[in-house]
Structures are given as C-alpha cells and as structure tokens.
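Down below is the structure, laid out as structure tokens.
2 protein chains.
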Amino acid sequence: MIPILKTDLSSELLDLENYIINHSCDIEHWFRTQWLEHTAPFYASVDLRNSGFKLTPVDTNLFPGGFNNLNPDFAPLTIQAISVAIEKICPDAWRVLIIPENHTRNKFYLKNIFELTEILKNSGLEVRIGSVDTSILEPTNIDIDENHFITIEPIDKREDFLFLKNKDGSEFIPCSIILNNDLSGGVPEKIKNLGQQIIPPINAGWPTRRKSSHFQYYSQVAKEFSLLTNSDPWLINPLSEKLDNLNFSSGEGEDRLVETIDRLLHQIQKKYNEYNISQDPYVVIKANAGTYGMGVMTVKSSSEAINLNRKMKKKMSVIKEGMSVSEVLVQEGIHTEEKINEAVAEPVVYMIDHFVIGGFYRVHTSKGKDENLNSPGMHFAPVAFETSCLMPDQGRPCHDKANRFYAYGVIARLSMLAAAKELSVKE
Amino acid sequence: MIPILKTDLSSELLDLENYIINHSCDIEHWFRTQWLEHTAPFYASVDLRNSGFKLTPVDTNLFPGGFNNLNPDFAPLTIQAISVAIEKICPDAWRVLIIPENHTRNKFYLKNIFELTEILKNSGLEVRIGSVDTSILEPTNIDIDENHFITIEPIDKREDFLFLKNKDGSEFIPCSIILNNDLSGGVPEKIKNLGQQIIPPINAGWPTRRKSSHFQYYSQVAKEFSLLTNSDPWLINPLSEKLDNLNFSSGEGEDRLVETIDRLLHQIQKKYNEYNISQDPYVVIKANAGTYGMGVMTVKSSSEAINLNRKMKKKMSVIKEGMSVSEVLVQEGIHTEEKINEAVAEPVVYMIDHFVIGGFYRVHTSKGKDENLNSPGMHFAPVAFETSCLMPDQGRPCHDKANRFYAYGVIARLSMLAAAKELSVKE
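Set out below in structure tokens:
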C-alpha cells in the first residue's frame, strides 16, 4: 500500500520528482562520486515528510531502531549491504557484539535487536548481545514472540577490550562492536578507550552529535544537489536555526527563542507566498541533541512557545534518560500530506552504508498532520514499503510506488551524505 | 518450487551440507578473506549438478546469458550488487556499451540482453548496445515481446576508443564496455587495444580461456575449502583431465583419449566403491575452449568415444562459430538427481562480483540424467529460484529451500574464486 498524497504535488515538486526519476543516471553517478570522497556511517534511518510542495528529511537516526518494521522480502538486500559494509569496515571480523539501548522492556525495540542480530548472522558473523545496563548481571533470555527470544548478557572488560563470558568459562571476544545505543545517557565508562572497533564510532552518539550540525551539512548537500537538478534547494531542505543557553524552566533565552521563531516563520511565509501555498507555516522546536520525540514541540507562533504550562515546560526541558535541554533546533515544520486510510503517514527510509535497503511508513491514526509522529511509546502502525527504493521506472508517473520510493531513497541518501560529512569532521 | 532429490543424500554429502549450513559464519569469514586477496570477475553463472552423493560445478560461464530467467523479485539485489561492482571497477563510469553475442535471432538471448540493460540502467548508468557483428550497419530495433524492444547499433572506432553515433550527429562515448560475448569466434579487430575499459577483460573470452585451467584452479579452491569443512574434496570437485592435439576426424590422439577415459572411469569407480555408490560412472568430453553445449559428449566407456559415426565426429570437432576442437577436457560426469515433475533439473547460480544474486533451474523434460542439459537451441524451461541464496536457516533441514540454495551459493562462489585466480594469472 502506498499512501495517498492528499494535496496534489505542486508543479515545482513535481518537476523535481520528475527530474529525479528521469535523471537517475546523473543522480547515481553524482552519488558514486560523492561516496568516493565521503564514507557513509554504518547504518541510518531517515524520517522524511512529504507536504506535496516539499519533500525533506526531518531526522537522521544513526542508531536505527526499526529493522523489524521492514519488508521481510528485502532481507537479502539488507544482508548483501551488511556484507559490503563489513568487508569495508572490518573484513577480518568474525564475532561481533551488539550493544543495544538499555530499555529492555520495549518489545518493539527488542524485535528490532532480534532482526538486526539475524541480519548480521546471515551476513556470516557470530553475534551476541551485551548490555551496558548495570542491572544486567547475568545472561537474560527475553521472549520477543511465541517462537523467538534474545539473550542479553553482561559485558566484561579487561584492559582495553570487552568480552562476554561463555558458560564453559571461556570468553567470547568480539572483533567489532556494533552500537545500537544512541548514548543519550552519556558514554558509559565501559566503552571508552577500547582497542576494539566501535561501529558507528562513539562520536555518532548524542553526547557529541548535534542536529543543527547535521542540518548545516544537509543544507550544503541539498544546495549541491539542487545545482544538479536545477531546482530550488528549499524544496528538499527544511529551514532551521540553532539556539543555545536556554532554560525552559527559568525562562532564560526566551527573547532569543521568540526572535528566532518569528524570523523563521517569516522566512517560511515568504517562501509560501512565492509558491502560492495557502497553508499555515509552523516550526518545530527540538532538543539539539536527543531522540525519541521527547522535547519536541510544534508552534505556529512565538507566543505558543513561551506561554507554556508547567507540564509542557517539563516536557521541553527533559529528554531521554533525564538529560536536560539547553540547546534547541528551531526547524521549519513540514506538513505531512501522505495518508493511509485517513491516517497521517510518515516515511522512514533505512540505509546500510550508502545502500537504501527499504523503509516503512509510520502511520499514526490519532494525530494531526503537523504534529510529531515519533512520540513517546511509539503508538504507530508500521507499514513496510512494498517495493525496493532502487528501481525508478521512467515510463510511469511520479506517484507510482517504485518512483516515489526511489525519490525517497534519493533524499534519504542526501541525509546520509550529510551524516558522512558530519561524522568525518568529528573524527 | 524446489526439485525433489530423487536419491537420498549420502551421509557424506549430508554431513557437508549440514556443515555448510551450520558453519555459515566460518564460511562467510573464509570467503571475506579470500575476496580481499582475489578480485572476482564482473559477473558469472555457474552450472551445478547434485547427484545426492556429490554437489559440484560443471561449468562456469563468464558471459552469463540468462538474466531473464532470474526471479524478478530479486532484481533489487542484482541492482545493488552491480552498483557495488561498478563502484569498484569504474566509479566514474556514466555511459556503458554492452557488446552482445552476434546471434541476434535468439529471442531468449535478446531477453537476457534486455534484462542486463535494465539492471545496468537501474544501477544509474546510461546504457546502449553495440554489436561487433559486421552485418549490423544501422541502429536496429528488435522486439523481444509485445511491449519491449532493444536497439542494437553498429560500433564506430576512432583511434583507441569505441563510440556510437547519435541521430543528431553527436557521439555516445562509453566510459566502459561490458562484454556479453564470449568471443568464441575470436577477438574482433575492433575491440583490440582499446583505451576504454573492457569488463570482463578480453582474456576471459574463449580465445584465451581454458576449461582445464579453470578446473585446475577450482580443484585447488575445493581442497582449501575441504580443509575448512573437514570433508573429502571429491564431494564438491569433479575429476578431470585435459587432452590436446586431438583430431576427431582423422583419429589423431585416439589412443590417448581411450587411456584418459579409462583412467578417469577407473578413478571414479574407485571413489564409488569407497562410498558404496551403485550407479555407473561416466565421463563427459567437452571442448576445452567453447560453449553452448556443442562439442559435448557423454560416454560410459572409452569405446563409445572412438566408435563415433560421421555425424558425431562432426559434432565433436566443431563448436560455436565454426571453431574446431583439438583440445578437450575429459571430466567426471555428475548424475543429475534433482527432478521437477519427473524432469531433470540442473541449478544455475548467478553472481555479480562476489555476490550471489539468484539462480534458476534448467528443467529438461526429454533428456536423461546423465546427458548434457545445455544443448543447442536450449530447449529447457527455466524455473527461477524462489528465495535468495543468502539466508541459511540453521533450525531447518538441508532440503529446505533456503538451505539448499545457500549451499548452491557457496559452491558457486568457490567456482567464482577459481575464476578470479584463473583470470588474475592471465592479466
């Protein structure tokens, strides 16, 4: 099933989509030359939004947590992509350790870990799961459904390497460590200064990473891509600005927040006027380092952002694992105009290395089109992409599944390229 | 549909299949280290035979001609693999020229060229088809079915590069040339000494290549692999011997042929005794350089090989494009014990670079199990593999589709490794 785009594509976006579909050779060639210069992170998922006049990424997750939501038909594509990534990063790897998030009660997340484990096993790796959660004291089996379970084990460290203890007293010493933990709670002492390779590197975690930096790189990439497609970069790039030294509880920085929101809303309105868009502009205020949809607020005027009640203030000031927010990204809100059975649908594209391996729609029945879909508890129904994102069909229209997914794959890869530039600077 | 194996797997082959399925990590790791040292050819198809007591390659084609027979569900896998191969071999490539075989009347072959073109286009390349057939004087459209056609164009050459003429007088200058012509008729003057890259290189063609050399390398690879699996290399390796300076018409070398056949039959019988196999040994006599099943003969005794009638003598002495046979490979015949609806089924595995992308069964209703299935005219029904060859399932038995296909993929990759070694020596 592919969502219905409620509004028609504006002629500009249609032109862009048409360009993307009809110039896949130029685009693939451009990507090839980009990937020669920039190394893609190990994996990522990119949240996209399609407003009918704009198609942009809104979030790039470097520790993707929804492998279980992908179409199982494309598992071979993922396995092949992982094989290529492993060959590039650590061809000698034999045993790998996955370090998952600590919230072991979330069945959806555990299913993701199960799928990731299966994919890595099928790529020919011996895989075990070790937690940095200090409450895991012995190997713990957790059922993920009637027929499957995963075992999460405590991690041991000696000198500069991690290992797991086997039942017979011997040791499982991983060649590489695959992080599926975004380090929102800080970098655990245990994984600091390791001799083993950590994939992706620790600096991809939120203690170092900033959304503002990602979108700065994305903005550059979008500009370069727009030169190629001869289109307005705004069509694929959400405007955004960073603000720091904020304190939502004490009100520190409120004046700068108001200024920034007003400026952005004004810029968006100007663009809306240029393209005859009658919808109301809005902005999204996000923690600059963090995830899981906490600390995300949608506002249509600056007053909404400062007249917060106590509950909202608390929501904005705390993200995952109790970290407080003092830095935000104010970003142009992208109306979600894709709907499946009247429910808002947000595409999420998955990549391994620079390969698009699939995606799914986050379908949310109880939310409006300008609200954040990735909310706490993740009450959404995933609808896997039916076809791959690899096969544009130039004989068919833009809203053809294969073509829309191809366009999504292109925009997602632009985000991956931005992430590649972002991480290489930090290293 | 997966064929029924008419005889049960012998315990040795079952052990080997079980080993392959249950040690996929060791095997994939082994392959990863091999591919670090050896560069796989651009593409290949490997004909396998499964006799229930032996699973071996019988032919490795470096100019595969059956892309149209693969499961279309796995097209994305092929596109991704091609993208990786292109990135490795010629990341700057934009335009490629496919040089097909000259027999433009074979609809099956033309469908293959159409599919190959589509895959390359979907990998982001501009693709055109240029023939070395001197009878092609202008761009020629050939229908391959009701909705599709391909255009085969004459190739022009200036200095050391090939190009096609565009209608407007401009030129299509390919960055790379993809050969899908095994050069059985010799290397055309036009493609000699080119500045453009030819993929695979000309020395992969039959003027230079020898089956005996391939199987010598395969034999080495099989031995190394058998050390890993702790099994008898004979289980995956057909015995073979090369003979040269033969003339089937004049009878030159008949004595040596008799000797060789008798020796091989004796060796096979010894192995059959060792494994309590009651079937009759046989050998296959093939042109050492050539293809398309011409010049292939199956014999159960040396007398069969020398008491040929005129027609048979002619068949043995001439292969494709009128080349005569003076060098043969005498190879252990592998009984085909896989059957689909009572018809003999021979698996063919397809690879791009070192990635197994799928395969199909050549199902032949009118032939016996010890005859050559790849006969002139190709009167076979292709049955595409239903699942990929990438996902062994250790919880399920060997004859489970995923597991049998995985085992096929492993043996096919051993052949690809042999081909990699074979080509690197010639370069």
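Just so you know, the sequences run in chain order Z and P.
Our numbering numbers the first residue of the first sequence as -13 and each following residue consecutively.
Our numbering numbers the first residue of the second sequence as -13 and each following residue consecutively.
Just so it is clear, CB atoms sit at the ideal spot from N, CA and C, and this is done for glycine as well.
Original post:
With which residues is SER226 of chain Z paired in a DSSP beta bridge?
Top reply: Counting from 1 along the first sequence, the entry for residue 226 of chain Z is found at position 240. Per DSSP, Z:GLN317.
Original post:
What residue does the beta strand (DSSP E) around SER31 of chain P start on, and which one ends it?
Top reply: Here residue 31 of chain P refers to the residue found at position 45 of the second sequence. First-last of the beta strand (DSSP E) with SER31 of chain P: 29 to 36.
Original post:
Grouping DSSP H, G and I as helix and E and B as strand, with all else coil, what is MET377 of chain Z?
Top reply: Within the first sequence, numbered from 1, the residue matching residue 377 of chain Z stands at position 391. Coil at MET377 of chain Z, not helix or strand.
Original post:
Which first and last residues belong to the beta strand (DSSP E) in which LEU221 of chain Z is found?
Top reply: Indexing the first sequence from 1 puts residue 221 of chain Z at position 235. Looking at the DSSP string, LEU221 of chain Z is not in any beta strand (DSSP E), and its letter there is neither H nor E.
Original post:
Using the C-alpha atoms, what's the distance from ASN189 of chain Z back to GLY181 of chain Z?
Top reply: Taking the first residue of the first sequence as 1, we reach residue 181 of chain Z at position 195. Taking the first residue of the first sequence as 1, we reach residue 189 of chain Z at position 203. Taking the CA atoms as reference points, GLY181 of chain Z sits about 16 Å from ASN189 of chain Z.
**OP:** Determine whether the Cβ of HIS15 of chain Z lies closer than 9 Å to any Cβ atom of chain P.
**Re:** To locate residue 15 of chain Z, count along the first sequence from 1; it is residue 29. So, interface residue.
Subject >> Min CB distance MET377 of chain P to chain Z below 9 Å >> reply: Mapped onto the second sequence, residue 377 of chain P falls at position 391. Yes, because at least one Cβ of chain Z sits closer than 9 Å to the Cβ of MET377 of chain P.
**OP:** Give the residues from the region 98 to 116 of chain P that approach chain Z closer than 8 Å (Cβ to any Cβ), ordered along the chain.
**Re:** LYS107, ASN108, SER109, GLY110, LEU111 and GLU112
Original post:
What's the C-alpha gap between PRO362 of chain Z and LEU165 of chain Z?
Top reply: If you number the first sequence from 1, residue 362 of chain Z lands on position 376. If you number the first sequence from 1, residue 165 of chain Z lands on position 179. Residue placement at PRO362 of chain Z is poorly supported in this model, since its pLDDT is 45, which falls under 50; the coordinates still yield a value, given next. In a straight line, the C-alpha of PRO362 of chain Z is about 22 Å away from that of LEU165 of chain Z.
**OP:** Pull up the DSSP beta-bridge partners for GLY345 of chain Z, would you.
**Re:** By 1-based counting over the first sequence, the position of residue 345 of chain Z is 359. GLY345 of chain Z is bridged to Z:VAL335.
Original post:
So is SER31 of chain Z buried or exposed if we call it buried at 16+ other beta carbons inside 10 Å?
Top reply: Within the first sequence, residue 31 of chain Z is the residue found at index 45, counting from 1. By the C-beta density criterion, SER31 of chain Z is buried, having at least 16 other C-beta atoms within 10 angstroms.
Original post:
Which residue from P:LEU315, P:ASP168 and P:ILE138 puts its Cα closest to that of ARG91 of chain P?
Top reply: Walking along the second sequence from the start, residue 91 of chain P turns up at place 105. When each option's Cα is compared against that of ARG91 of chain P, the closest is P:ILE138.
Subject >> Inter-stretch contact at 8 Å, needing at least 3 Cβ pairs: the region 20 to 29 of chain P / the region 403 to 410 of chain P >> reply: yes
Original post:
If you count every other CB in all the chains shown that lies within 10 Å of the CB of VAL269 of chain Z, and 16 or more means buried, which is it?
Top reply: Counted from its first residue, the first sequence places residue 269 of chain Z at position 283. Buried.
Original post:
So with Cβ pairs under 9 Å, would you call PRO362 of chain Z a contact of chain P?
Top reply: Here the question's residue 362 of chain Z lines up with position 376 in the first sequence. The predicted model places PRO362 of chain Z with a pLDDT of 45, which falls under 50 and marks its position as unreliable, so this point remains unresolved.
**OP:** For SER10 of chain Z, return the contacting residues in chain P, with the cut-off set at a CB-CB distance below 7 Å.
**Re:** Residue mapping note: residue 10 of chain Z aligns to position 24 of the first sequence, counting from 1. Those within 7 Å of SER10 of chain Z in chain P are GLY110.
Original post:
Since ILE177 of chain Z contacts ILE75 of chain Z with CB under 8 Å, what's their CB separation in whole angstroms?
Top reply: For this step, residue 177 of chain Z is matched to residue 191 along the first sequence. For this step, residue 75 of chain Z is matched to residue 89 along the first sequence. That pair is no contact at about 17 Å.
**OP:** Determine, using beta carbons only, whether VAL330 of chain Z and PHE346 of chain Z come nearer to each other than 9 Å.
**Re:** Along the first sequence, one-based indexing puts residue 330 of chain Z at 344. Along the first sequence, one-based indexing puts residue 346 of chain Z at 360. Cβ atoms of VAL330 of chain Z and PHE346 of chain Z: not closer than 9 Å.
**OP:** Identify whether PHE39 of chain Z lies in helix, strand or coil by the three-state DSSP scheme.
**Re:** Here residue 39 of chain Z is taken as the residue at index 53 of the first sequence, counted from 1. Coil at PHE39 of chain Z, not helix or strand.
Original post:
Whose C-alpha, out of P:LEU56, P:GLU324 and P:GLN317, is nearest the C-alpha of VAL285 of chain P?
Top reply: Sequence index remark: in the second sequence, residue 285 of chain P carries index 299 (1-based). When only C-alpha atoms are compared, the closest one is P:GLN317.
**OP:** Indicate whether at least one CB of chain Z lies closer than 9 Å to the CB of PRO(-11) of chain P.
**Re:** In the second sequence, residue -11 of chain P corresponds to position 3, counting from 1. So, not an interface residue.
Original post:
Roughly how many angstroms separate the alpha carbons of GLY381 of chain P and ASP266 of chain P, rounded to a whole number?
Top reply: Indexing the second sequence from 1 puts residue 381 of chain P at position 395. Indexing the second sequence from 1 puts residue 266 of chain P at position 280. Using only the alpha carbons, I get a separation of about 35 Å.
Original post:
Between P:GLN66, P:ILE163 and P:ASN55, which lies nearest to PRO86 of chain P when the distance is taken from Cα to Cα?
Top reply: In the second sequence, counting from the first residue as 1, residue 86 of chain P sits at position 100. Measuring from the Cα of PRO86 of chain P, the nearest candidate turns out to be P:ILE163.
Original post:
If you follow the alpha helix (DSSP H) that GLN202 of chain P is part of, which residue opens it and which one closes it?
Top reply: Counting from 1 along the second sequence, the entry for residue 202 of chain P is found at position 216. GLN202 of chain P -> alpha helix (DSSP H) spans 197 to 215.
**OP:** Determine the closest residue to GLU3 of chain P out of P:GLY51, P:ARG196 and P:SER217, with distance taken between C-alpha atoms.
**Re:** Translated into the one-based positions of the second sequence, residue 3 of chain P becomes position 17. Of the listed residues, the one whose Cα sits closest to GLU3 of chain P is P:SER217.
Original post:
Is the distance from the Cβ of THR103 of chain Z to the Cβ of ILE84 of chain Z below 9 Å?
Top reply: By 1-based counting over the first sequence, the position of residue 103 of chain Z is 117. By 1-based counting over the first sequence, the position of residue 84 of chain Z is 98. Their beta carbons are under 9 Å apart, which means THR103 of chain Z touches ILE84 of chain Z by this criterion.
Original post:
Any C-beta of chain Z sitting closer than 9 Å to the C-beta of GLN183 of chain P?
Top reply: Taking the second sequence and counting its residues from 1, one reaches residue 183 of chain P at position 197. Not closer than 9 Å to any Cβ of chain Z, the Cβ of GLN183 of chain P fails to qualify, so no.
Subject >> Same chain only: Cβ atoms within 7 Å of ASN55 of chain Z, ignoring 5 sequence neighbours per side >> reply: If you number the first sequence from 1, residue 55 of chain Z lands on position 69. Here ASN55 of chain Z has PHE346, PRO368 and ALA370 as same chain residues with Cβ atoms under 7 Å from its own Cβ, once five neighbours each way along the sequence are excluded.
**OP:** At 8 Å on the CB atoms, spell out the chain P contacts of GLN66 of chain Z, in chain order.
**Re:** Walking along the first sequence from the start, residue 66 of chain Z turns up at place 80. Ordered by position in chain P, the residues that pass the 8 Å Cβ test against GLN66 of chain Z are LEU63, GLN66, ALA67, PHE341 and LEU376.
Subject >> Coarse secondary structure for THR103 of chain P, derived from DSSP in three states >> reply: The residue you call residue 103 of chain P lines up with position 117 of the second sequence. DSSP places THR103 of chain P in helix when its eight states are reduced to three.
Original post:
Closest to PHE100 of chain Z by CA distance: which of Z:ASN88, Z:ARG114 and Z:GLY110 is it?
Top reply: Position 114 of the first sequence holds residue 100 of chain Z. When only C-alpha atoms are compared, the closest one is Z:ARG114.
**OP:** Give, in chain order, every unbroken run of the beta strand (DSSP E) that is at least 3 residues long and sits entirely within the region 148 to 193 of chain Z.
**Re:** 162 to 166 and 183 to 185
Original post:
Pick from P:SER37, P:GLY395 and P:LYS93: whose alpha carbon is nearest that of VAL342 of chain P?
Top reply: Here residue 342 of chain P corresponds to residue number 356 of the second sequence, with the count starting at 1. Taking only the C-alpha atoms, the option nearest VAL342 of chain P is P:GLY395.
Original post:
With a Cβ-Cβ cutoff of 9 Å, do LEU111 of chain P and ARG144 of chain P count as a contact?
Top reply: Taking the first residue of the second sequence as position 1, residue 111 of chain P is located at position 125. Taking the first residue of the second sequence as position 1, residue 144 of chain P is located at position 158. Cβ atoms of LEU111 of chain P and ARG144 of chain P: not closer than 9 Å.
Original post:
What in chain Z is Cβ-close to PHE234 of chain P, meaning under 8 Å?
Top reply: Residue 234 of chain P sits at position 248 when you count from the first residue of the second sequence. By Cβ distance, chain Z contributes nothing, its closest Cβ being about 45 Å from PHE234 of chain P, past 8 Å.
**OP:** Return no unless some Cβ of chain Z is closer than 9 Å to the Cβ of PHE60 of chain P.
**Re:** Residue 60 of chain P sits at position 74 when you count from the first residue of the second sequence. It does; some Cβ of chain Z falls within 9 Å.
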